[in-house]
Every structure is written in C-alpha cells, then in structure tokens.
Amino acid sequence: MFAYGQTGSGKTFTMAGTEENPGLIPLSMHQVFETVRTAGGNKKFVFKASMMEIYDEKIYDLLSNRKQVLLRSSAVKGAKQLKFQGLTEHSVATEGEAMALLQAGLGQKTTAANYKHDHSSRSHTVFKLQIESAEVTSRLENFTSASLMLVDLAGSEAAHRNETEFGKKEGISINLSLLTLKNVVHDLVAKNMPRFRESLLTRLLEPSLSGSNTAFVSVICNILPVAQNKRDTEHTLDFGTSASAIELNPQQNRDSVASSDLGKLQALLEEMEKEKSLSGQEQMVLRSQLEDYEMMVEDLKRSMISPETLEAAEEAQRCKDAELALVKADKDTMEELLMEQMEQNLQKAEELQETLQRMASMESKQKDAAQQLALAKQESDALARQHLEATEALEAKAQQAEALEAERKEAATSIEAAHQAAAALEAKLQQQDAIAKAKESSLAEMAAERERLEAEAAAQEAAIKEHAANAAQK
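Counting in the numbering used here, the sequence shown runs without a single skipped number right up to 988 at its last residue.
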C-alpha cells in the first residue's frame, strides 16, 4: 500500500495521521491485531516490524540510528525475493508496540522546507510488517508467511522553485525516482519489459508490482483541488489509472515459507521425528538434542502471539498505561507546581527588572541633576564674577562722580569768589563814582574795564555751570 501525489498533498498525513485522526498505517495495525483476537485458539502469530527510508538512492534504517541498509534481490522459481542486509527487525506483541516503533521511525525521517511547506518529506518511507502464523498442536501445521509494506512516497515537485541548490538537488532526485516508478507502471500495463533496476524505489516495489507473489496492491492518489495544480492532479490521476490496470497473479511461495522462522522450526521437528526411530546411543544423543529443540519450541511458543497471549499482553499494557497515567498525573502536577513557581519567579524577575529600571532611571536623573547643578554653579560663578566687575565699575564711577562733585564745588567757590569780587568792585566803583565824575575819561575806561570783567565773569560762570552739568550727568 503506498500513497502517491505532488508535494504538500497530504501523503504523510494519509499514511501516518495523528492521534485524533489515525492514518492508514495505524488503522492497518489495528486491523492486523483485531484479526489475532478473532483467530482460533490454536492459531499463533509472530510479528516483526521494521522501518526504512530511501534518501538520495540510499536506504537507511529508521529504527537503528539511520544505519545504511543494502538491498539484495534474488529470484526463486521465477519470483523475486528481497533481502535487506543490515535492516533491524523488531518483534512486536501488541498494537501499541507497533505504533511506538512507527513514531520512533517518523522522528528519524528526513524532512526539510521547500517552496510548498516547512516539513516536506525528502525521502520515500517504508513501514514493513512481517507476519508469520501457524496452528500449534503437537506439531506446527498450516503455517504461512507474508509481508505488509506501507509506503509513504516523497511528493513530486517543481525542483527549480526551491531556494537552495541543495533543495533543488533533492527535488531532482525525488522526481527522477518517481519518474522511474511511473515508467515501470506504464511498462507493466503495456506488457513491456519493466526497468525495475533503474532506481532503488522500483527495486523495492518489484516483488509487489510484478504480481507473482503479491495478493493485493493499494495505491492512494493524493491531489490538491486547486486550479493552479491542475497539471499535477492530471498526472497523479493518470498514474493511479495506470496502476489500477496492473494484473496480479499471486502464488504461494513455499520456499519463502520454508525460509521463515516457523518453517525452519517445522523442518527441525520433522527431522527430529525421523531421527526418533533410531536406537541405542544415537537415541540418547538425539534425546538430548530433542530436549534442546523442545526448549527452543517452548521459547518460540512464548514468543508467538495468540488471542490469550495478546489479551495478557494487552492487560499488561493496560497496567503499564495505568502506571504511566499515574506517572503522567504526577508529572502534570509537578509541571503545574513548576509552572506556578516559574510564574512567581518570572513575576519577581519582572518586579526586580522594574526596580532596576527605576534605579537606573533615578541614577540617570541624579546624573542629569548633578550636571545641571554643575552648570548652575558655573553660571553662578560667572554671575558672581560679573557682579564683582559691575561693583568695581560702580565704585570707579562713584569715585569719578566724587571727583566731579569736588570740581563742581571748587567751581561754585570760584563763582562765589567772583561774585564777591564783583560786589567789591561795584562798591569800589560806587565809592569812586564821585571821583569818576571828575575823571570821566578815567571812568569810561574803568567802566569798559568793568564790562570786560563782567563779561569774563559771565563766561566763567557759564563754563562752571556747563562743567557742573556735565559732572551731574556723569
């Protein structure tokens, strides 16, 4: 069973699904173990699961740290048989164990971002379940061996639209692999000789598609119902139509059954029954071998799965699930407590951060205030110097005013003296008026002299007044 379609069309979701919406692989596992539950009491089963991926034409074991696996094929009576050299097979007893292996393998699967989405499958993934069954009585009867292969193909894509060169290279490798598969399908429908060996994918699917030892092949075609994807949708549906036309002619491969673990055990038991007819010492030796073989049979019986063992395993699984639920509840409680403590710590951290921010803001404000204070002090010192200079200038101007006032007083004293001199002269003139009458000529001269003196006195008084006015203005 495999899913085919373009990238981003939901192939991985179709095959693996989710816990709420299981895909075809979980549903197939459920159906397989449901068959075990309804089987008869003597019917025993052995299940072995493996998971691998084809990436860049190499096979890797997804359940063994991506160890590389070599694919060997051989033809037995015309039927192809595959051997995976280095692939680890894990015995599974319950559906839960199978699903745990599936999840572990998906965790190792190669994914990367491409132009469609961030988790594109970059490889072809194969989940393989080997199924062996037999009816166990005194011997093993009606035993069969079959394989269920569930394949999640990588999607075809427009490789040139990937951004990185590595992504383009991956896209080209995927497209070449899918193209080879498509060519093989068309050759099978046209009854031509298919070229299975051109890619690892077609070599892996050769036993399934060749029709000789495959009972059923189911092809799921995933499409995107968008107009811009019309061409990819047509190619996908064309592939599905071609695949549905392949004719299968399944035949039971008894050699394959004989090579299985149950077949080998049956051969040993038959050989032991033949050897039981021997006598003497050979019987003693064979009895010891028989005891060893019977112990191996008991061990194999214990490893086989029947409805009873499946029920016991499921009961043990339920007990484990209950214990796991208790542990999970304790874990959830611890996580809640831890979350509360983390929230409290986060709140305290936020408060501390706010306090630190406030302190940083206060320190910044203090620094700003100190800078402003320093600037104010500088301005104050400058103003003090200016005040001192102004005081000194005022004192100098006051001294100049005092000097001018002294000069004004001296000028006033000189004017007063001039007035007194003029008064004395007037008196003298009055005294000599009588004499002047006698001496008119002398008097005229004296009068002229007096006018001259008065004019000079007036000029001196005007000068003094002007000087006093200038001093008062200063």
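Just so it is clear, CB atoms sit at the ideal spot from N, CA and C, and this is done for glycine as well. All figures in this text were calculated on a predicted structure; none of them were measured in a lab.
Helix, strand or coil, according to DSSP, for residue i in the structure here?
{"i": "E534", "result": "coil"}
{"i": "R745", "result": "helix"}
{"i": "D570", "result": "coil"}
{"i": "H631", "result": "coil"}
{"i": "N556", "result": "coil"}
{"i": "N656", "result": "strand"}
{"i": "T526", "result": "helix"}
{"i": "V665", "result": "strand"}
{"i": "E647", "result": "Per the sequence shown, the amino acid found at residue 647 is Ser instead of Glu. In this structure, S647 counts as strand in the three-state DSSP scheme."}
{"i": "R989", "result": "Missing from the structure shown is residue 989; the chain here goes from 515 to 988 and no further."}
{"i": "L852", "result": "helix"}
{"i": "A626", "result": "strand"}
{"i": "V740", "result": "coil"}
{"i": "A931", "result": "helix"}
{"i": "R709", "result": "coil"}
By how many angstroms is the C-alpha of residue j removed from the C-alpha of residue i?
{"i": "L690", "j": "T639", "result": "16 Å"}
{"i": "L870", "j": "K891", "result": "31 Å"}
{"i": "M848", "j": "A830", "result": "26 Å"}
{"i": "L840", "j": "R832", "result": "12 Å"}
{"i": "L897", "j": "E909", "result": "18 Å"}
{"i": "Q974", "j": "A907", "result": "32 Å"}
{"i": "A883", "j": "A874", "result": "14 Å"}
{"i": "M566", "j": "F641", "result": "7 Å"}
{"i": "E1035", "j": "A936", "result": "This structure gives no information on residue 1035, because the portion of the chain shown stretches from 515 to 988."}
{"i": "T747", "j": "A672", "result": "14 Å"}
{"i": "A983", "j": "A925", "result": "12 Å"}
{"i": "Q599", "j": "Q582", "result": "9 Å"}
{"i": "E903", "j": "E930", "result": "40 Å"}
{"i": "L918", "j": "K979", "result": "12 Å"}
{"i": "L702", "j": "I573", "result": "25 Å"}
{"i": "E679", "j": "I688", "result": "14 Å"}
{"i": "N656", "j": "A648", "result": "5 Å"}
{"i": "A958", "j": "A952", "result": "11 Å"}
{"i": "L887", "j": "Q880", "result": "10 Å"}
{"i": "K660", "j": "E677", "result": "Here residue 660 turns out to be Ala, not Lys, going by the sequence shown. Going by the C-alpha atoms only, they are around 44 Å apart."}
{"i": "D575", "j": "M707", "result": "31 Å"}
{"i": "K683", "j": "G610", "result": "38 Å"}
{"i": "V740", "j": "N628", "result": "19 Å"}
Considering residue i, what are the terminal residues of the beta strand (DSSP E) in which it resides?
{"i": "V733", "result": "733–736"}
{"i": "A517", "result": "516–519"}
{"i": "S605", "result": "604–606"}
Let me check understanding here. Comparing Cα to Cα, which of the options lies closest to residue i?
{"i": "E646", "options": "S955, V606, D632", "result": "V606"}
{"i": "N697", "options": "E712, E684, G685, I688", "result": "E712"}
{"i": "A977", "options": "Q622, M566, M543, R922", "result": "R922"}
{"i": "L992", "options": "S722, R551, Q914, F710", "result": "Absent from the structure is residue 992, since the part of the chain shown begins at 515 and ends at 988."}
{"i": "C735", "options": "G754, S578, D632, L719", "result": "G754"}
{"i": "E968", "options": "I737, M515, H933", "result": "H933"}
{"i": "A614", "options": "A563, L887, A952, Q913", "result": "A563"}
{"i": "P536", "options": "Q617, S523, S758, D575", "result": "Q617"}
{"i": "Q914", "options": "H544, E850, G610, A985", "result": "A985"}
{"i": "Q595", "options": "D752, S756, L718, A836", "result": "L718"}
{"i": "F730", "options": "F710, I760, G519", "result": "I760"}
State the start and end residues of the unbroken alpha helix (DSSP H) segment that holds residue i.
{"i": "A982", "result": "954–987"}
{"i": "F680", "result": "679–703"}
{"i": "G619", "result": "609–622"}
{"i": "E720", "result": "714–724"}
{"i": "F730", "result": "Neither: F730 is in no alpha helix (DSSP H) and is coded neither H nor E."}
Is residue i close to chain D, meaning its C-beta is less than 8 Å from at least one C-beta of that chain?
{"i": "M543", "result": "Included in the structure is just one protein chain, with no chain D present."}
>> Whether or not the segment 622–629 and the segment 541–557 are in contact is what I'm after, with contact meaning three or more pairs of Cβ atoms, one per stretch, closer than 8 Å; do they touch?
In response: no
> Is the segment 957–970 close to the segment 935–947, with three or more CB pairs under 8 Å?
Replying inline: yes
>> Is it the case that the segment 658–674 contacts the segment 519–536, given that we only count it when at least three CB pairs across the two stretches are under 8 Å?
In response: yes
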